Amino acid sequence: MRLVVMGATRYAPDVLPYNIHHVAIAVEDLDAALDGFRTLYNVEPLSREIVADQAVEEAMIAVGGSHIQILQATEADSPVGRFVERNGEGLHHIAFAVVDIDAALEHLRAEGARLIDEKPRTGGGGHKIAFVHPKETAGTLIELVEVGHE
Ligand code: CO
């Protein structure tokens, strides 16, 4: 397991996460999941979109200064489809906001981290995103989202 010391001065700040961008939950039925959040927490999704590249339909719910992303696979044979098949519904990944995703990936590569995405791709909301292998962080899939300084 690899640890990054938050706030350490040994790295340029742009390579480190500075916020939780979202926490993602994989579900079987997006509408049912959104109904649950609406009923229990009185929250409405801010956006909802299909991200064909990841074979998911996703909705974003704002909670304070962060977001919950609800993911439903659009194809059974896809990363999220296989995840739900294997593990059932539940926490899927944590997304870190980064200023410069290319610099962040370069830093992770230099540290020998296994990357799922060697190069950024376009994710929800048009952001540049990349996934880092869950084996690097105690079985937790990490997504990097380039949002600059929000
Ligand atoms: Co995400």
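For the sequence shown, the positions run 93 to 242 when this note's numbering is used.
Here a beta-carbon is modelled for each residue, glycine too, at the ideal position from N, C-alpha and C.
As the structure is a prediction and not an experimental result, all values here were calculated from the model.
Here Ile208 is exposed, its C-beta having fewer than 16 other C-beta atoms within 10 Å. For the options Glu210, Leu200, Val190, the alpha carbon positioned closest to that of Asp106 is the one of Val190. In the three-state DSSP reduction, Val190 falls in the strand class (E or B).
The alpha-carbon separation between Val176 and Thr166 amounts to approximately 12 Å. With respect to the 8 Å criterion, Glu150 and Gln161 are classified as neighbours on the basis of their beta carbons.
Annotation: Ala196 to Ser158 spans about 21 Å, alpha carbon to alpha carbon.
Not a single heavy atom of the ligand CO lies less than 7 Å from the C-beta of Ala205. Under the three-pair Cβ rule at 8 Å, the stretch 127-144 does not count as touching the stretch 224-236. The beta-bridge partner set that DSSP reports for His113 is empty. In the pairwise beta carbon analysis, the stretch 180-190 is classified as not touching the stretch 198-206: fewer than three pairs are separated by under 8 Å. Restricting attention to Ile193, Ala230, Thr232, the CA atom closest to the CA of Gly215 is found in Ile193. Rounded to the nearest angstrom, the Cβ distance from Ser170 to Ala144 is 10 Å, too far for a contact under 8 Å.
Around the beta-carbon of Leu126, 16 or more other beta-carbon atoms lie within 10 Å, marking it buried. Distances between the C-beta of Gln164 and the heavy atoms of the ligand CO are all 7 Å or more.
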